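Novice: Can you read through this structure? Questions will come right after.
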Amino acid sequence: MSDGQQYWFNTKTGQVDVGHLKPGATLMGPYATREQAERALQTAREKSEAWDRAEED
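Per the numbering used here, the very first residue in the sequence shown carries number 6; after that it's consecutive.
In C-alpha coordinates form, the structure reads like this:
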(Lines of atoms letter the chains of each structure in order from A; the text may use other names.)
(Lines give C-alpha, C1' and ligand atoms only; values in the text may rest on other atoms or scores of the structure.)
Protein backbone atom coordinates (compact mmCIF):
# COMPACT_ATOMS: atom_id res chain seq x y z
CA MET A 6 0.00 0.00 0.00
CA SER A 7 1.28 3.45 -0.87
CA ASP A 8 1.80 5.96 1.94
CA GLY A 9 1.84 8.98 -0.40
CA GLN A 10 5.63 9.18 -0.41
CA GLN A 11 7.74 8.92 -3.53
CA TYR A 12 10.62 6.46 -3.58
CA TRP A 13 13.65 6.62 -5.85
CA PHE A 14 16.41 4.08 -6.42
CA ASN A 15 19.80 5.80 -6.39
CA THR A 16 22.11 3.90 -8.75
CA LYS A 17 25.17 5.66 -7.35
CA THR A 18 24.59 4.66 -3.73
CA GLY A 19 22.48 1.55 -4.26
CA GLN A 20 20.01 2.91 -1.71
CA VAL A 21 16.39 4.01 -1.80
CA ASP A 22 15.86 7.76 -1.41
CA VAL A 23 12.54 9.07 -0.10
CA GLY A 24 10.71 12.27 -0.91
CA HIS A 25 10.12 14.60 -3.80
CA LEU A 26 13.44 14.56 -5.63
CA LYS A 27 14.44 16.10 -8.91
CA PRO A 28 15.09 13.26 -11.37
CA GLY A 29 18.70 12.92 -12.37
CA ALA A 30 21.09 10.55 -14.04
CA THR A 31 21.53 8.50 -10.87
CA LEU A 32 17.86 8.22 -9.88
CA MET A 33 15.30 5.70 -11.07
CA GLY A 34 11.69 6.44 -10.25
CA PRO A 35 9.57 7.66 -8.71
CA TYR A 36 8.01 4.51 -7.32
CA ALA A 37 4.92 4.27 -5.15
CA THR A 38 6.51 1.93 -2.61
CA ARG A 39 9.94 1.29 -1.12
CA GLU A 40 9.71 -2.32 -2.33
CA GLN A 41 9.22 -1.22 -5.93
CA ALA A 42 12.20 1.11 -5.67
CA GLU A 43 14.33 -1.66 -4.16
CA ARG A 44 13.53 -3.81 -7.19
CA ALA A 45 14.20 -1.05 -9.73
CA LEU A 46 17.23 -2.68 -11.33
CA GLN A 47 15.57 -6.10 -11.51
CA THR A 48 12.42 -4.58 -13.02
CA ALA A 49 14.45 -2.67 -15.62
CA ARG A 50 16.36 -5.86 -16.49
CA GLU A 51 13.13 -7.84 -16.90
CA LYS A 52 11.59 -5.17 -19.13
CA SER A 53 14.71 -4.95 -21.26
CA GLU A 54 14.77 -8.73 -21.72
CA ALA A 55 11.08 -8.70 -22.68
CA TRP A 56 11.70 -5.96 -25.26
CA ASP A 57 14.62 -7.93 -26.67
CA ARG A 58 12.42 -11.03 -27.02
CA ALA A 59 9.67 -8.97 -28.70
CA GLU A 60 12.17 -7.63 -31.25
CA GLU A 61 13.19 -11.18 -32.13
CA ASP A 62 9.59 -12.11 -33.08
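Glycine included, each C-beta is placed from N, C-alpha and C at the ideal position. Bear in mind the structure is a predicted one, so any value in this text is a computation, not a measurement.
(1) Using the rule of at least 16 other Cβ atoms within 10 Å of the residue's Cβ for burial, across every protein chain shown, is alanine 42 buried or exposed?
(2) Alpha carbon to alpha carbon, how far is glycine 24 from glutamine 10?
(3) Identify whether glutamine 10 lies in helix, strand or coil by the three-state DSSP scheme.
(4) Assuming arginine 39 and valine 21 are in contact, meaning their beta carbons sit under 8 Å apart, how far apart are those beta carbons, in whole angstroms?
(5) Nearest-angstrom Cα distance between threonine 31 and alanine 55?
Specialist: Taking the structure as given:
(1) Taking all protein chains in view, the Cβ of alanine 42 is crowded by 16 or more other Cβ atoms within 10 Å, so the residue is classified as buried.
(2) Roughly 6 Å between the two C-alpha positions.
(3) Three-state DSSP puts glutamine 10 in coil, outside helix and strand.
(4) About 6 Å separates the Cβ atoms of arginine 39 and valine 21, confirming a contact at the 8 Å cut-off.
(5) Each residue's alpha carbon lies about 23 Å from the other.
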